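Peer 1:
Residue numbers (the numbering used here): 54 to 357.
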């Protein structure tokens with residue numbers, strides 16, 4: 054992202070934290086960030102679009118940091134998930150995300166409301182995916198229900214814990230307590246065979262995010278993490294790490310993955326394969342090939 058644009062996002066975010074979104078004017082943002090009105094509108098069509106850019110920036114950083122916690126670790130280790138949830142809560146508190154959400158959700162801006170609602174669904178999908186990692190494929194039919202219950206449990210436990218203690222400094226207690234409860238719920242729900250909401254509804258709720266199945270995505274994700282781990286000992290760390298981040302973003306989060314750019318990134322990495330473990334890089338190539346075969350198959354099946 055353009056450094057100057059990123060500067061405006063950072064300055065506006067601080068103003069929204071200090072003054073509130075509604076109380077901050079565009080002129081306040083211009084004065085605080087030291088840009089002209091023309092420059093502002095070159096980057097953003099409105100204050101609302103700027104707010105969405107702030108949310109995206111925070112979420113992208115959170116996702117990156119959350120992924121870093123998995124490097125070289127077993128994704129089935131529930132302690133890693135606990136660390137990821139604690140990180141998410143720390144990020145939300147540091148960036149005053151809940152306060153901003155509450156302020157803008159009472160507004161009449163459809164785009165912001167839609168963005169936040171979609172963000173909540175993406176978080177739900179992430180928790181559901183992590184639950185599959187932790188509890189296994191055999192419990193998959195019940196894990197969307199459990200992910201929904203977990204997010205509700207976490208949200209309300211956090212809210213009332215704060216009301217009772219007037220402090221959120223020990224929110225790790227809330228996280229540990231909520232996760233202990235959800236482990237028992239997962240076992241109880243799967244043993245009972247009861248299902249409230251079928252996981253297939255996630256595909257209807259997030260149709261733009263339909264991709265090859267979860268196993269392929271998870272394999273891609275963990276293979277890239279392993280390559281990044283190897284890169285930590287390489288002189289070319291920064292350059293190739295950026296390419297790997299691009300691959301993850303394009304393959305797992307882009308509405309329309311650009312095959313030619315992905316192939317170009319793979320080619321650049323391959324030209325310097327000595328920086329990687331050979332087996333891991335070959336695995337990445339195979340997974341990307343399978344990914345596009347599955348994507349093409351899905352497109353053919355859904356063609357009228």
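We put the beta carbon where it would ideally sit given N, CA and C, even for glycine. Nothing here was measured: the structure is a model prediction, and the numbers come from that model.
Please classify residue 229: does DSSP put it in a helix, a strand, or coil?
Peer 2: Three-state DSSP puts residue 229 in a helix.
Peer 1: How close, in whole Å, do the beta carbons of residue 105 and residue 93 come, if the pair is a contact with beta carbons under 8 Å?
Peer 2: Residue 105 to residue 93, Cβ: 15 Å. No contact.
Peer 1: Can you give the Cα-Cα distance for residue 272 and residue 181, rounded to whole angstroms?
Peer 2: Taking the straight line from one Cα to the other gives about 16 Å.
Peer 1: Here's the rule I'm using: 16 or more other beta-carbon atoms within 10 Å means buried, otherwise exposed. How should residue 216 be labelled?
Peer 2: Exposed is the call here.
Peer 1: By DSSP, does residue 77 sit in helix, in strand, or in coil?
Peer 2: Residue state, collapsed to three classes: coil.
Peer 1: Roughly how many whole angstroms lie between the Cα atoms of residue 78 and residue 86?
Peer 2: Cα to Cα, the separation comes out at about 12 Å.
Peer 1: Let's see if you can read the secondary structure: which residues bound the alpha helix (DSSP H) around residue 61?
Peer 2: Its alpha helix (DSSP H) spans residues 56-72.
Peer 1: Enumerate in chain order the residues of its own chain whose CB-to-CB distance from residue 125 is below 6 Å, with the five nearest sequence positions on each side excluded.
Peer 2: 282.
Peer 1: Do you know how far the Cα of residue 144 is from the Cα of residue 159?
Peer 2: When rounded, the distance between both Cα atoms is 23 Å.
Peer 1: Specify whether the segment 217-236 and the segment 148-165 touch according to this definition: at least 3 beta carbon pairs, one from each stretch, less than 8 Å apart.
Peer 2: Result no; under three Cβ-Cβ pairs closer than 8 Å.
Peer 1: Taking residue 311 as part of the alpha helix (DSSP H), name the residues at either end of that continuous run.
Peer 2: Segment: none, residue 311 is in no alpha helix (DSSP H) and carries neither H nor E.
Peer 1: Within the same chain, show all residues whose beta-carbon is closer than 8 Å to that of residue 151, passing over the 5 residues directly before and after it, in chain order.
Peer 2: Once the five neighbours on either side are set aside, the close Cβ partners of residue 151 are 145.
Peer 1: So, are the CB atoms of residue 175 and residue 107 less than 7 Å apart?
Peer 2: Contact flag unset, no.
Peer 1: Can you give me the start and stop residues for the alpha helix (DSSP H) that residue 255 sits inside?
Peer 2: 254-258 is the extent of the alpha helix (DSSP H) around residue 255.
Peer 1: Leaving aside the five residues before and after residue 205 along the sequence, list all residues of the same chain whose C-beta is less than 6 Å from its C-beta, in chain order.
Peer 2: Excluding positions up to five away in sequence, the list is empty.
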